[in-house]
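Below you'll find the structure, written out as structure tokens, and then a few comments.
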DNA sequence: GCAAGGTC
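Residue numbers (the UniProt record's numbering): 1 to 858.
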């Protein structure tokens, strides 16, 4: 019999702590080993991994891209190496002394593989220790207790299925990525990547763009009129909008008229009549069922509808999860676990800002939560835990997302809404008009979940045979629109439908496409490079841009998991296919590389150089700043400056005067359109500097009677040169208040890029400078009373320092204020603070949140 | 430095 403590291994620290808490009845203590938390009580220890702590890679001799032919990677071996050294070391130390080991990683395929990786690390140091496996789909008292009472063994076949995926992905991804990058001579940070998931995702975006390019708009007409009831002694007249329709050749009802003559004929018929006769009134009641619980995709979609990018929504959800306010945000599940008691959870909100809504839901006699189609074993759907944050502990964004999760839970336990649909058809001179009204009879879940549109369209109660006055007849000429680009959440939903990526990676894949220079803007638009990569793949490696690759791999993995195939069977077959793909690639290497190179250049090209006619390109200087330079360099040294903030994106719009494409600077919330860089540079040179006072560094001070120093430069013994401050426009488009003696004197103050500067007659007494206003002639925006530029800049700096804490994600204005009360005034003091002490001193802030902030501050 | 998948 083996002695020593039982070691429990989970997939993440958070799960380790909660399981320790459940199994120990709250008595577990936290110890640190190599910086890793170990929860200890009685004879037990629980340690959390951080997902995969080992990663797959090729042997070192394959690491230099230039030394190795990409095709050689197909037959290279694949090794596993620790990627999280501290955790691996802690696990080995714990395993050496363990009397038994329990693998308690997540209950899904990847969890089985992570469990097997832990198993192998344990075996390296302890050959005999018994290892078991427990499975549970949510970390609740009942499930965890039951799982530990009935341990099972690791499923090595399921883990092997995951390993096959790792090998196939690495082999295809690395070999093709290196091949494309080498062919196009792109070896730096701008390498050209492809992979099983990013490939089809990119093709989705490129295909949609091809549809948009090929789209041929068609003209059509729509006809509308207002109808008004007669009213009566005690009834008011009621007016509503109706639309012309007809029955087309297929016998279906149509509103769009494709023929101008038909449209005009109908228009005339309607115009000649004074009134319409109601011929049909149909009324029906529709039940509008509340939405299913949130899985990751639906959460991202809902957050997207209130303005959060997929990336941002997930990042906030992760923070809310680690702080303990919501459940695990990466899940496919849309069915609540059995032991979630909706009443108990609703009761947790009494006394909170959600109290009224929670109580109204508790008043229902019966509560039956909705359920979606996906029921999985990984984690429960995303829902609030019932531990409530005080609103001040969260930033505005965090609060908004938290409220969304709370309200979604509310919606899933709320009654359905009912609508009354009213359809009215009226005839006018042989033509038909119709109106579809909808009225909300019972708000149901809409009362607690305001994120869906629940607006009504009121059509009055009319009766068959009733006469209605016709007015305001209008014939609208329209055009069919091209299909719309995918938005981020639509992309994620489509990826899910196609079966590519996972709940935890889909949003990262989209981010990767941005980072690789394949897509730009939001909704994303493909670059020329992206089109070229998709074209090249379609021609020679079709599988890498097809969802089929994942579908096939899923089948193969299922076969491995069922014991019907082996890892070697699957990877060998994949190797064979990839060898074949490489035959085509190698033959066309040069043409392919050329095409990719040309496309990359096209993405950076603005238009012709005014000096030599070659292409002007966006380039990066040695200091990392962007500028426009000539392709003919060094023969042609023509350049134009670009703004210093953001990354340049070249727009479709072209400046008519210079034939150069306009430039947009991407800088998150500070993104702006710079326009034609030649126009901006010319405008700056034409704009006269406007002197507003003396330079505080080298100008004439109030006591300007001081003697000159006599060396002929006009400088006084105090260092004066008579420099003046002027409002200037720089060639890169930015504006500032600077010294007229630049570059000898570099004194400057920033000014906003947009709006016109107005110099007022009011003067700042302290600095003897005029107060400035910024006005916006082309918009309704109120003028900005900027004041004295020196005072303004000082205030700006003070604000920057004052809100330094808010630069950390998760700290909002209110929280920063509270931290300052506890003498945490800047990032440095936050980093040095003791989390437990802060938690004790600051209301609504837990030690775990402080630790998160500290980690982010590093 | 390549992929995709975990997690922070």
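Backbone N, C-alpha and C fix where the C-beta goes; we use that ideal spot for every residue, glycine too.
Bear in mind the structure is a predicted one, so any value in this text is a computation, not a measurement.
Below 8 Å on the Cβ atoms is my contact criterion, and I expect residue i with residue j to pass it. Report the Cβ-Cβ distance as a whole number of Å.
i, j, result
"residue 574", "residue 300", "Not a contact, Cβ separation roughly 31 Å."
"residue 157", "residue 563", "5 Å"
"residue 442", "residue 417", "6 Å"
"residue 41", "residue 60", "About 43 Å separates the two Cβ atoms, so there is no contact after all."
"residue 632", "residue 609", "7 Å"
"residue 645", "residue 670", "6 Å"
"residue 211", "residue 295", "Going by Cβ atoms, the distance from residue 211 to residue 295 rounds to 29 Å, so no, they are not a contact pair."
"residue 284", "residue 421", "5 Å"
"residue 87", "residue 36", "5 Å"
Quick one: residues in its chain with C-beta nearer than 6 Å to the C-beta of residue i, no 5 flanking neighbours on either side, listed in chain order?
i, result
"residue 348", "386"
"residue 457", "437 and 438"
"residue 474", "224"
"residue 423", "282 and 436"
"residue 501", "197, 495 and 509"
"residue 398", "316"
"residue 125", "92, 95 and 96"
"residue 790", "767"
"residue 180", "192"
When DSSP labels each residue in this structure, what does residue i get in the three-state scheme?
i, result
"residue 254", "strand"
"residue 481", "coil"
"residue 554", "helix"
"residue 454", "coil"
"residue 287", "strand"
"residue 147", "helix"
"residue 436", "strand"
"residue 789", "helix"
"residue 627", "strand"
"residue 41", "strand"
"residue 751", "coil"
"residue 62", "helix"
"residue 230", "coil"
"residue 360", "helix"
"residue 57", "strand"
"residue 282", "strand"
"residue 200", "helix"
"residue 374", "coil"
"residue 513", "helix"
"residue 739", "strand"
"residue 677", "helix"
"residue 24", "helix"
For residue i versus residue j, is the C-beta distance shorter than 8 Å?
i, j, result
"residue 50", "residue 378", "no"
"residue 465", "residue 206", "no"
"residue 861", "residue 468", "Lying before the first or after the last residue shown, residue 861 is absent from the chain, which here runs from 1 to 858."
"residue 83", "residue 48", "no"
"residue 292", "residue 334", "yes"
"residue 256", "residue 308", "no"
"residue 144", "residue 101", "no"
"residue 111", "residue 154", "no"
"residue 95", "residue 121", "yes"
"residue 350", "residue 344", "no"
"residue 759", "residue 690", "yes"
"residue 599", "residue 529", "yes"
"residue 507", "residue 302", "no"
For residue i, I'd like the list of residues in its chain whose CB is within less than 7 Å of its CB, leaving aside the five on either flank, ordered along the chain.
i, result
"residue 516", "193"
"residue 113", "159, 162 and 163"
"residue 614", "630, 631, 632 and 636"
"residue 89", "34"
Buried or exposed: which applies to residue i, given that a residue is buried once 16 or more other Cβ atoms fall within 10 Å of its Cβ?
i, result
"residue 705", "Confidence at residue 705 is low in this model, with a pLDDT of 48, below 50, so its placement is unreliable and no value can be given for it."
"residue 200", "buried"
"residue 472", "exposed"
"residue 649", "buried"
"residue 314", "buried"
"residue 580", "exposed"
Compute every distance between the C-beta of residue i and the non-hydrogen atoms of the ligand NAD, then say whether any falls below 7 Å.
i, result
"residue 414", "Absent from the structure shown: the ligand NAD. Ligands present: none."
Keeping to the same chain, check which residues put their C-beta closer than 8 Å to that of residue i; ignore five residues upstream and five downstream.
i, result
"residue 693", "699, 724, 725, 767, 768, 769 and 770"
"residue 78", "56, 57, 58, 166, 167, 170 and 171"
"residue 730", "641, 684 and 736"
"residue 476", "221, 222, 223 and 224"
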